Each structure stands twice: as structure tokens, then as C-alpha cells.
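K.L.:
Residue numbers (our numbering), protein chains in the order written: chain P, 73 to 279; chain S, -17 to 213.
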């Protein structure tokens, strides 16, 4: 069985180490926070917060306290607030150890596309371009294939890029792959997924 | 030094003009200058360019100025929550300049600091880099981005003293300080104006030198994505 959303998030959480400052993107990456366990991880929210806490209980929502997905959140004892220029200063300046982000497409050279479908969906890149250019390690969590079964791990991206050669590791519902010289290298397969199945679902070169 | 005005309309009197560039604070609907935006709508100022991370939602924030077609161009990083914005953009009625969020924040900060341009790795190899100067430093490629020098800044803070020293609250700070810094004139709206001397000088987030005019008002502070956990 391929991994579900929670299993992918749990696998992504294994990438994190004690003492890391980490930025989690919207969607499945947000779930990673549920699986860090006892590890001492400080979450950054790029709208101006280090030390992001869980969602509030009902009645304790604060309109002045949201995450980058505009959801209400809470603060922790270690929390610090700052403005957007300072926030992206620490991102651009390489102080954030890792970002875990969603993706529409990833290419075998590490190119990432996750912000725009021309003529169709106009959302904007938000902070994604800054994050992939600045953080120490970029981990992508995504479905391996589209609804139609087409590979989202490609020889080259078809959509406008978020960053060029920026992805380090890809965690999909079928397994874990690293971006290396010449293509992608299989790190592990999801439980019950064979290497043949993973290869068959992947357009990108596997080395 | 008299910075305090009686209303948003009075604070904007004489500083609005058609076609101007306005830098606005806020992230989503958090920390937006909602009273000043309403007053700009009421004033009917047209052909505005806004440098603002988002464009609000259809009926709140900058969204209210899109409905009245007062906005010519947006400089933003994310417009995903606004249907009218998408409609006007896809039909060609509205110009849109996408800026990566950190680039937008730094463009504002730079403008406020008298820095006309800076180099960043953000966006290299993407459409954002098209037509921009590329330069290598220590073997890595960067692109040049320009500082934003706005005609007017509109921002929202939690508290101010009578000299315009500002204190923000939690993540409502976001783009407000850099937006405030980059305008020729800055109008700030706050929840409470306290007597000068009652804020701790070590705890001022934005010194009053950046604030030209000041109003106190009641804020709706709408929540965009109310999300809770089980108790």
C-alpha cells in the first residue's frame, strides 16, 4: 500500500533533527508538526514568528495570531515575533535549517514548480521562492502521480519554476528519492511498494 | 508636533492623488489598515498601485477597492483568496506584478533605508528574473531588485504614543514596519493612542520618525481561516 497523507508527513518528520529551525509549507507539510515527537524543533512561520504552537481551542482564536496559511494558531513559551523583512532576512540568510514544501512538479535536476498554472490558476509564489533559495535543505512532500496517473517527477518541469536546482529530497506516497548528479536516486520505497512499481510511476531518470 | 487626526478621512485629506503608489501593511487580513482602506474607497481615488503582500478578500481589505475599480495595479506575492482579483487579472483589467514575499518585504525596507537596489538569490532561474540584472558573487548568481519608494504608506499597529512611536501585536506586525518605512508620507491607524511616556522606549517596534499622521479607531479584525483543535 502506498503511504497516505499522514504516513508521508510522519516520514518527512524523520528528516528533522534536534535543535533545527524549520519552515513547513501549506497542506501535507503542515501535518509534519504532528509527528516530531520529543525532538526539539522550532517552527518558523514566514509572516513573522518563530516558535509556532498548535491550533487554538475554540474560543481562544486571536485574529492577530495566524500562520502563513492564514489559519489561527497559538504561541509557545519560546515564541518570538518580528516583521516580514526580518523574517525573510533569516530565510535568505540561511538561518532556517530546512523547509518542507508541497509541489506540483519536480524535475530530476532539482527544479521545483509549485506556484502557478499559466492561464488557469493564479495564486502567487508567496514565500516559496525565498524559502527554496535560502534555507539549508529543501524537502518536498507530494503525490507521486497526478489524478490521471501521470508522473509528477519529471525529466524537466512544464510549469513555471519556483526555483532552479533547489530540491534535495522528495517524499511521495510511493517512497523517498534524493536529487543527485544525473537524476533521482531511490532512498526507500513505501511499505508494500516495489522498486519496479516506483520506477514505472516515475518519468524522471532514476540512477 | 501634531500627528493625531480625528478620523481616517481627515488623516488622508491632502495626501491622496489619482495614480499614486501606496504601500500597505498586513498579511492576509491580519494587521491590515482597514479603516484607511475604507476611507480611500470613500474618497474615490483612482488608478492606484498597491504594494501589498495580498489583496484582501472580496469584501474586506484591498478587495473593497477592487470592487470599485480604484486599483490599476497590484505588487503582491499571493492573491489566492480573492475571486474578484483573479477575475480582473485574468480578463486583463488589472495589472499584477508578482514579487516573492521576501523580495517584496526587502524592497519596502530598502526603499525606506534609501537603498535603490539590492541583489538576491530569490527567483534566479524563474520568470521573476526575466529582464533583471544578473551578477555573480562568490560563484553564485544573484538578481537585482529595486527598492520601493511609495508616495504613501498606510499601516496598522496595536498601540501608539502621541509622537507616533508604534507597538505591534503578535503576527499582526508582518509587513507593517517595512511598508511604513518606504512612504514619503505614512498614515498609521492604531487600536489605542496612549500618552507619550507610557510606552517602554526599549519596546518600541517602529520609531515615530516613520509616522506622519495617526488615528485611533475600532477594528473589525476579521479572521480569514478560523482553525481550532479539540480541547
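By construction, the Cβ of each residue, glycine as well, lies at the ideal position given by its N, Cα and C atoms. All values reported here derive from a predicted model rather than from experimental measurement.
Pop quiz: residue 101 of chain P and residue 210 of chain P are said to be a contact at Cβ under 8 Å. What is the actual Cβ separation, rounded to whole angstroms?
P.N.:
What you label residue 101 of chain P is simply residue 29 of the first chain in a count that begins at 1. What you label residue 210 of chain P is simply residue 138 of the first chain in a count that begins at 1. Their Cβ separation, rounded to whole angstroms, is 11 Å, which puts residue 101 of chain P and residue 210 of chain P out of contact at 8 Å.
K.L.:
State yes or no: is the beta carbon of residue 194 of chain P nearer than 9 Å to at least one beta carbon in chain S?
P.N.:
For this step, residue 194 of chain P is matched to residue 122 along the first chain. With 9 Å as the cut-off, residue 194 of chain P counts as an interface residue toward chain S.
K.L.:
Per DSSP, what are the beta-bridge partners of residue 102 of chain S in this structure?
P.N.:
On the second chain, residue 102 of chain S is found 120 positions in, with the first residue counted as 1. Looking at the DSSP assignment, residue 102 of chain S forms a beta bridge with S:125.
K.L.:
Are the segment 260 to 270 of chain P and the segment 141 to 158 of chain S in contact at 8 Å, needing three or more beta carbon pairs?
P.N.:
Counting Cβ pairs under 8 Å, fewer than three are found: no touch.
K.L.:
How far does the alpha helix (DSSP H) with residue 24 of chain S in it extend, from its first residue to its last?
P.N.:
As a working mapping, residue 24 of chain S is identified with position 42 in the second chain. Run containing residue 24 of chain S: 16 to 25, per the alpha helix (DSSP H) assignment.
K.L.:
Any C-beta of chain S sitting closer than 9 Å to the C-beta of residue 250 of chain P?
P.N.:
As a position in the first chain, residue 250 of chain P is number 178, starting the count at 1. With 9 Å as the cut-off, residue 250 of chain P does not count as an interface residue toward chain S.
K.L.:
Below 8 Å, how does it come out for the segment -1 to 10 of chain S and the segment 115 to 133 of chain S: are there three or more Cβ pairs, yes or no?
P.N.:
With the cut-off at 8 Å, the segment -1 to 10 of chain S and the segment 115 to 133 of chain S touch.
K.L.:
Note down, in chain order, all residues in the segment 53 to 85 of chain S with a beta-carbon under 8 Å from any beta-carbon belonging to chain P.
P.N.:
For the segment 53 to 85 of chain S, which is checked against every Cβ of chain P, the residues closer than 8 Å are 58, 59, 60, 61, 62, 63, 68, 71, 72, 78, 80, 82, 83, 84 and 85.
K.L.:
Does chain P have any CB closer than 9 Å to the CB of residue 90 of chain S?
P.N.:
The sequence position of residue 90 of chain S within the second chain is 108, counting from 1. So, interface residue.
K.L.:
Could you spell out the range, first to last residue, of the beta strand (DSSP E) harbouring residue 165 of chain S?
P.N.:
On the second chain, position 183 is the one that residue 165 of chain S refers to. Taken as a continuous stretch (DSSP letters only), the beta strand (DSSP E) holding residue 165 of chain S covers 165 to 176.
K.L.:
Can you pull the chain S residues whose beta carbon is under 8 Å from the beta carbon of residue 233 of chain P, in chain order?
P.N.:
By one-based count along the first chain, residue 233 of chain P stands at place 161. Within 8 Å Cβ-Cβ: 107, 108 and 109.
K.L.:
Strictly below 7 Å CB to CB, what residues from chain P border residue 206 of chain S?
P.N.:
Reading the second chain from its first residue, position 224 is the one you call residue 206 of chain S. 142, listed in chain order.
K.L.:
Should residue 85 of chain S and residue 104 of chain S be called a contact, given that it needs their Cβ atoms to be closer than 9 Å?
P.N.:
Numbered from its first residue, the second chain carries residue 85 of chain S at position 103. Numbered from its first residue, the second chain carries residue 104 of chain S at position 122. Against a cut-off of 9 Å, the Cβ pair of residue 104 of chain S and residue 85 of chain S comes out as a contact.
K.L.:
Which of helix, strand or coil does DSSP assign to residue 223 of chain P?
P.N.:
Counted from its first residue, the first chain places residue 223 of chain P at position 151. Strand at residue 223 of chain P.
K.L.:
Along the chain, where does the alpha helix (DSSP H) containing residue -10 of chain S start, and where does it finish?
P.N.:
For the purposes of this step, residue -10 of chain S is taken as the residue at position 8 of the second chain. Run containing residue -10 of chain S: -10 to -6, per the alpha helix (DSSP H) assignment.
K.L.:
Using 8 Å for Cβ pairs, my map puts residue 82 of chain S next to residue 58 of chain S. What's the rounded Cβ distance?
P.N.:
Along the second chain, read from residue 1 onward, the residue named residue 82 of chain S stands at position 100. Along the second chain, read from residue 1 onward, the residue named residue 58 of chain S stands at position 76. So it is not a contact: roughly 11 Å between Cβ atoms.
K.L.:
On the premise that residue 97 of chain P lies in contact with residue 174 of chain P, defined as a C-beta separation below 8 Å, what is that separation, rounded to the nearest angstrom?
P.N.:
As a first step, residue 174 of chain P is located in the first chain; it is residue number 102 there, counting from the start. As a first step, residue 97 of chain P is located in the first chain; it is residue number 25 there, counting from the start. Rounded, the Cβ-Cβ distance is 5 Å, consistent with contact.
K.L.:
Over what stretch of residues does the beta strand (DSSP E) that includes residue 114 of chain P continue unbroken?
P.N.:
Locating residue 114 of chain P in the first chain gives position 42, where the first residue counts as 1. Residues 114 to 117.
K.L.:
Could you compute how far the alpha carbon of residue 163 of chain P sits from the alpha carbon of residue 121 of chain S?
P.N.:
On the first chain, position 91 is the one that residue 163 of chain P refers to. On the second chain, position 139 is the one that residue 121 of chain S refers to. If I take the Cα positions, the gap works out to 20 Å.
K.L.:
In angstroms with no decimal places, state the Cα-to-Cα distance between residue 226 of chain P and residue 119 of chain P.
P.N.:
Counting from one through the first chain, the residue named residue 226 of chain P turns up at place 154. Counting from one through the first chain, the residue named residue 119 of chain P turns up at place 47. Rounded to whole angstroms, residue 226 of chain P to residue 119 of chain P spans 32 Å at the Cα level.
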